[in-house]
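Trainee:
Residue numbers (the working numbering): 37 to 208.
Set out below in structure tokens:
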């Protein structure tokens, strides 16, 4: 009897919690963040269901829970379509520009042709510096060793724009 009296006049609170929970979940779906609005929305909906279980009949409660679940499902579907199917959110969240020659993008030069070539360290390589191969000066890196300027080096690996060299030991 005590709890029934407490919950008897709370229909307005039940409706307010459902509305607040739905709004908070919608905000969570729309605004990128770390979930505060979504968690508060779920808590609000749970409290709304608890109050509804004391205020309305079982049939009405099932209908209310079904409506809430359908609303959440529709919000998730709307969000998915809006982000991934060319909707308004995809225009805001998804980058559409391309890096191409027309917009000034210049791809790094392909140095794979240097693989296995020998040259001379122009600067001290500690571990980066400059070396010359067939008259072309390029920035190179060693695998950690220091190489004095004037030493013979060989390209052992090319990774994109990184040219990795090692010192060539003289066996004369």
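Using N, Cα and C, we set each Cβ at its ideal position, and we do this for glycine too. Computed from a prediction, not measured in an experiment: that's the story for all the values here.
What separation, rounded to the nearest whole angstrom, lies between the Cα atoms of residue 176 and residue 143?
Mentor: Whole-angstrom Cα-Cα distance: 18 Å.
Trainee: Could you name each continuous beta strand (DSSP E) segment of 3 residues or more that falls completely within the stretch 139-208, going from the start of the chain to the end?
Mentor: Listed in chain order, the complete beta strand (DSSP E) runs (minimum 3 residues) inside the stretch 139-208 are 154-157, 164-169, 172-178, 188-195, 198-203.
Trainee: Would the stretch 170-189 count as touching the stretch 146-158 if we require 3 or more Cβ pairs under 8 Å?
Mentor: These segments touch.
Trainee: Can you find the residues in the same chain that come closer than 7 Å, C-beta to C-beta, to residue 204, ignoring five residues on each side of it along the sequence?
Mentor: Here the set comprises 154, 188, 189, 190.
Trainee: Is residue 182 buried or exposed, if buried means 16 or more other CB atoms sit within 10 Å of its CB?
Mentor: Residue 182 should be labelled exposed.
Trainee: Helix, strand or coil for residue 111 per DSSP?
Mentor: Of the three classes helix, strand and coil, the one that applies to residue 111 here is helix, per DSSP.
Trainee: Residue range of the alpha helix (DSSP H) that residue 73 falls in?
Mentor: Segment 72-91, the alpha helix (DSSP H) holding residue 73.
Trainee: Starting from the Cα of residue 164, find the closest Cα among 53, 67, 198, 45 and give me that residue.
Mentor: Per the Cα distances, 198.
Trainee: In this structure, does DSSP put residue 38 in helix, strand or coil?
Mentor: Only weak support exists for where residue 38 lies, its pLDDT of 49 falling under 50; the coordinates are left without a value.
Trainee: What does a CB cutoff of less than 6 Å around residue 63 pick up in its chain, not counting 5 residues either side in sequence?
Mentor: If we look at residue 63 and ignore the five residues flanking it on each side, its Cβ neighbours are 73.
Trainee: Following the continuous alpha helix (DSSP H) through residue 49, name the residue where it begins and the one where it ends.
Mentor: Per DSSP, residue 49 belongs to the alpha helix (DSSP H) from 47-66.
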